[in-house]
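So the structure is just underneath, and the comments pick up after that.
There are 2 protein chains.
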Amino acid sequence: MPDAIPALKSHQPGKDILAETPAYDLIELFFFAYRDFVSDPDRILDEYGFGRAHHRVLHFVGRNPGLTIAELLDILRITKQSLNRVLKELIDKDFIESRMGTADRRQRLLFATEQGRELALKLAKLQTRRIMRALSDMEPEAKDLVSRYLLRLIDPDSSAHVKHLVFGSEET
Amino acid sequence: MPDAIPALKSHQPGKDILAETPAYDLIELFFFAYRDFVSDPDRILDEYGFGRAHHRVLHFVGRNPGLTIAELLDILRITKQSLNRVLKELIDKDFIESRMGTADRRQRLLFATEQGRELALKLAKLQTRRIMRALSDMEPEAKDLVSRYLLRLIDPDSSAHVKHLVFGSEET
DNA sequence: AATGATATGTCAGCCTTGTTGACATATCTC
DNA sequence: GAGATATGTCAACAAGGCTGACATATCATT
Numbered sequence: 001m002p003d004a005i006p007a008l009k010s011h012q013p014g015k016d017i018l019a020e021t022p023a024y025d026l027i028e029l030f031f032f033a034y035r036d037f038v039s040d041p042d043r044i045l046d047e048y049g050f051g052r053a054h055h056r057v058l059h060f061v062g063r064n065p066g067l068t069i070a071e072l073l074d075i076l077r078i079t080k081q082s083l084n085r086v087l088k089e090l091i092d093k094d095f096i097e098s099r100m101g102t103a104d105r106r107q108r109l110l111f112a113t114e115q116g117r118e119l120a121l122k123l124a125k126l127q128t129r130r131i132m133r134a135l136s137d138m139e140p141e142a143k144d145l146v147s148r149y150l151l152r153l154i155d156p157d158s159s160a161h162v163k164h165l166v167f168g169s170e171e172t
Numbered sequence: 173m174p175d176a177i178p179a180l181k182s183h184q185p186g187k188d189i190l191a192e193t194p195a196y197d198l199i200e201l202f203f204f205a206y207r208d209f210v211s212d213p214d215r216i217l218d219e220y221g222f223g224r225a226h227h228r229v230l231h232f233v234g235r236n237p238g239l240t241i242a243e244l245l246d247i248l249r250i251t252k253q254s255l256n257r258v259l260k261e262l263i264d265k266d267f268i269e270s271r272m273g274t275a276d277r278r279q280r281l282l283f284a285t286e287q288g289r290e291l292a293l294k295l296a297k298l299q300t301r302r303i304m305r306a307l308s309d310m311e312p313e314a315k316d317l318v319s320r321y322l323l324r325l326i327d328p329d330s331s332a333h334v335k336h337l338v339f340g341s342e343e344t
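In order, the protein sequences belong to chains A and B.
Each residue of the first sequence is one higher than the one before, counting from 1 in this note's numbering.
Each residue of the second sequence is one higher than the one before, counting from 173 in this note's numbering.
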């Protein structure tokens, strides 16, 4: 096991302390970092009358052209009713386009429009800037290591799926 | 199939391009990792009739005994009305105790009760288990590197404050 | 061709957790 | 005593989750 956590506060005596000492630092840093990370897009989304939910949908559709509703639900892990609310707005405002499936005409294949791709890219660049600022002046292996850490943080059940989605072949 | 990532490939090695290529992998991994990371506590909080908002309050009060309302608001960056809603429930259910300030009697100093500390610890251990599983078999320097990465992801404005809160002297 | 399964859409209502604005109270500081 | 400060509270609203029920179109199977 890697280095133990620096002793943060003295606990009541008795329990097996070392193995169970909470990693307060990584827990809290994760909270603060994620909060700031999503705050960048928020400001821009506001101008369009969109929220974080719209961002997620737009992002994954942009990244996976032809995504079906079912696949999107599986990625976001929300109900179809929740998805539909924001998806409808994205379609109405012409950021996403929904086409009938060719093989299976029950399906709806989702595509980002030109406008949609532009917004998605703008938001991704914002977040990338923050990531690059963090990585700059760090060890060259930092990016790969962080990537591996985050992947291992994910539920083992879904990690293969995520790996495919993030790194895998461009197909869905 | 249209490619959603116009600027990603097949470009001359211009400096601008490189700097602007979205780090889709780290962006998406961050999303999935954070989602699973907070899902562990969710299940337990449910049994108590609490939500994520309660968790955050309980966590930071537990970690910083004697925290004032103003300091807690500064950490969470929510309105006092939002805070009060969940804080009241935590106090009513005897997970947090509010004492009048000694130096300044207008202040309320917050403390986790025995029950509160137990729950906070239980949740922190859950998340720690996930973190340790991720770190196991990784390079020994992984923990430190991830910690530095997350800290650098935070807004420069607040990073000193966060650093103090996470690593700093136990006092508030 | 009929039937059941599947993919999606939609209505209605509820919950949590964020927001703003207004106002009340106690206490501190000058 | 006056004004600033720390907190509490009421009311209303919004975003984005949820459940349950039901509708429609299409596919797959018999």
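Glycine is no exception: its CB is placed at the ideal position from the N, C-alpha and C atoms.
(request) Measure from the alpha carbon of P208 (chain B) to the alpha carbon of each residue in A:S82, A:L76, A:L119, then state which is nearest. (result) Going by the sequence as given, residue 208 (chain B) is Asp instead of Pro. Looking at the Cα atoms, A:L76 is the closest of the given residues.
(request) Would you check if there are 3 or more beta carbon pairs closer than 8 Å linking the segment 29 to 46 of chain A to the segment 320 to 334 of chain B? (result) yes
(message) Under 8 Å: do the segment 123 to 133 of chain A and the segment 191 to 201 of chain B share three or more Cβ pairs, one atom per stretch?
(response) yes
(message) Bridge partners for L109 (chain A) per DSSP, in chain order?
(response) A:T68, A:R99
(request) Establish whether the CB of T300 (chain B) and some CB of chain A are separated by less than 8 Å. (result) yes
(request) Report the neighbours of K260 (chain B) on chain A: residues whose CB is nearer than 8 Å to its CB, in chain order. (result) By Cβ distance, chain A contributes nothing, its closest Cβ being about 22 Å from K260 (chain B), past 8 Å.
(request) Give the secondary structure of D125 (chain A) by DSSP, where H, G and I count as helix, E and B as strand, and everything else as coil. (result) Note that residue 125 (chain A) corresponds to Lys in the displayed sequence, not to Asp. Reduced to three states, the DSSP call for K125 (chain A) is helix.
(request) Answer with yes or no whether the minimum CB distance from D214 (chain B) to chain A is below 8 Å. (result) no
(message) Can you tell me where the alpha helix (DSSP H) holding S82 (chain A) begins and where it ends?
(response) 80 to 92
(message) Could you check whether the Cβ of Y48 (chain A) sits closer than 8 Å to any Cβ belonging to chain B?
(response) no
(message) Is it buried or exposed, D3 (chain A), if we count other Cβ atoms within 10 angstroms and call 16 or more buried?
(response) In this prediction, D3 (chain A) has a pLDDT of 48, which is less than 50 and means its spatial position is unreliable; what the coordinates show is noted afterwards. Its Cβ having fewer than 16 others within 10 Å, D3 (chain A) is exposed.
(request) Quick one: give me the first and last residue of the alpha helix (DSSP H) that F50 (chain A) is part of. (result) Neither: F50 (chain A) is in no alpha helix (DSSP H) and is coded neither H nor E.
(request) Using a Cβ cut-off of 8 Å (strictly closer), state whether P140 (chain A) contacts chain B. (result) no
(request) Could you name the residues of chain A that F209 (chain B) contacts, counting a contact when the two beta carbons are closer than 8 Å? (result) F30, L153
(message) Going by DSSP in three states, A23 (chain A) sits in which element: helix, strand or coil?
(response) coil
(request) Specify the secondary structure class of S370 (chain B) as computed by DSSP and reduced to three states. (result) Because chain B spans 173 through 344 in this model, residue 370 (chain B) falls outside it and cannot be assessed.
(request) Check the Cβ of E192 (chain B) against every Cβ in chain A and list those closer than 7 Å, keeping chain order. (result) K125
(message) Against chain B, with Cβ distances strictly below 8 Å, would V162 (chain A) count as a contact?
(response) yes
(message) For chain A, check one thing: does any of its Cβ atoms lie closer than 8 Å to the Cβ of A195 (chain B)?
(response) yes
(request) Would you identify the three-state DSSP class for I326 (chain B), choosing helix, strand or coil? (result) coil
(message) Using a 10 Å radius around the Cβ and a threshold of 16 neighbouring Cβ atoms, would you call P13 (chain A) buried or exposed?
(response) Because P13 (chain A) carries a pLDDT of 49, less than 50, the predicted location of this residue cannot be relied on, and the following value inherits that uncertainty. Per the 10 Å Cβ criterion, exposed.
(request) Taking only beta-carbon positions, decide if S319 (chain B) is within less than 8 Å of chain A. (result) yes
(message) According to DSSP, is M138 (chain A) part of a helix, a strand, or is it coil?
(response) coil
(request) Return no unless some Cβ of chain B is closer than 8 Å to the Cβ of P13 (chain A). (result) For P13 (chain A), the predicted model reports a pLDDT of 49, less than 50, meaning its position is unreliable and no value from the coordinates is stated.
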